[in-house]
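Here the structure is laid out as C-alpha cells; the discussion comes afterwards.
Numbering (UniProt numbering), first residue to last: 1 to 152.
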C-alpha cells in the first residue's frame with residue numbers, strides 16, 4: 001500500500017486501527033509505515049499517517065535505530081525532511097552506527113536543510129522548547145584506553 005502510493009486504501013486501514021499506535025505495525029526489518037513512506041518519498045502518505053495522529057512518535061526507530069527522518073535524508077527527500085522536522089523529528093538522534101540524519105544525508109543540499117532547521121530551532125529540535133542535551137564528560141579507563149562516562 002505504502003510503496004504503491006495507495007493513499008485511499010491506507011486511509012481506510014487507518015480507520016480500522018481505532019486508537020492504536022500505527023508504529024506497532026512493523027515489517028521484518030522493524031520498519032513502520034512511516035519508515036516505508038519515507039523510503040519511497042511518499043510525502044502525502046507521511047502526512048496522512050502523522051496528521052491522522054496514528055503515528056504517536058515521528059522518531060520511531062527500526063531494528064538498526066534509523067528514524068523516518070534518517071531514511072528520508074539518506075534517500076534525498078528534501079521536502080519530506082523539512083516536513084518531518086516541522087512535526088518534531090529530532091535531527092540529532094543517532095542510529096546503531098552512531099550516525100545522525102545529517103551524517104547519512106544523501107548530499108550537501110539535504111545536510112544544509114537539516115542544519116538550517118536545527119540551528120533555527122536550537123538543540124533537540126521540536127521548536128526549541130526541548131532542554132539542551134546533557135553533556136557527558138568522559139575519562140579514560142586505566143589500562144584499557146577505553147572511554148566511559150565520568151562519575152560526578
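Beta carbons: idealized from backbone N, C-alpha and C, even for Gly.
Predicted model only: the values in this text are computed from it and were never measured.
- For residue 52, no alpha helix (DSSP H) segment is defined, and its DSSP state is neither H nor E.
- Straight-line spacing of the CA atoms in residue 61 and residue 97 works out to 13 angstroms.
- Close CB contacts of residue 32 within its chain, under the 8 angstroms cut and outside five residues either way in sequence, are with 22, 23, 25, 26, 55, 60, 62 and 68 (chain order).
- Secondary structure note for residue 35: its alpha helix (DSSP H) is the uninterrupted segment 33-40.
- Closest in alpha carbon position to residue 117, among 42, 52 and 78, is 78.
- Residue 28 sits exposed, since fewer than 16 C-beta atoms from the chains shown fall within 10 Å of its C-beta.
- Distance from the Cα of residue 70 is smallest, within the candidate group 109, 112 and 39, for 39.
- Residue 114 and residue 101 do touch by the CB rule: their CB atoms are close to 6 angstroms apart, below 8 angstroms.
- In this model, residue 50 and residue 58 are separated by some 7 angstroms (Cα to Cα).
- For residue 105, there is no enclosing alpha helix (DSSP H), as DSSP gives it neither H nor E.
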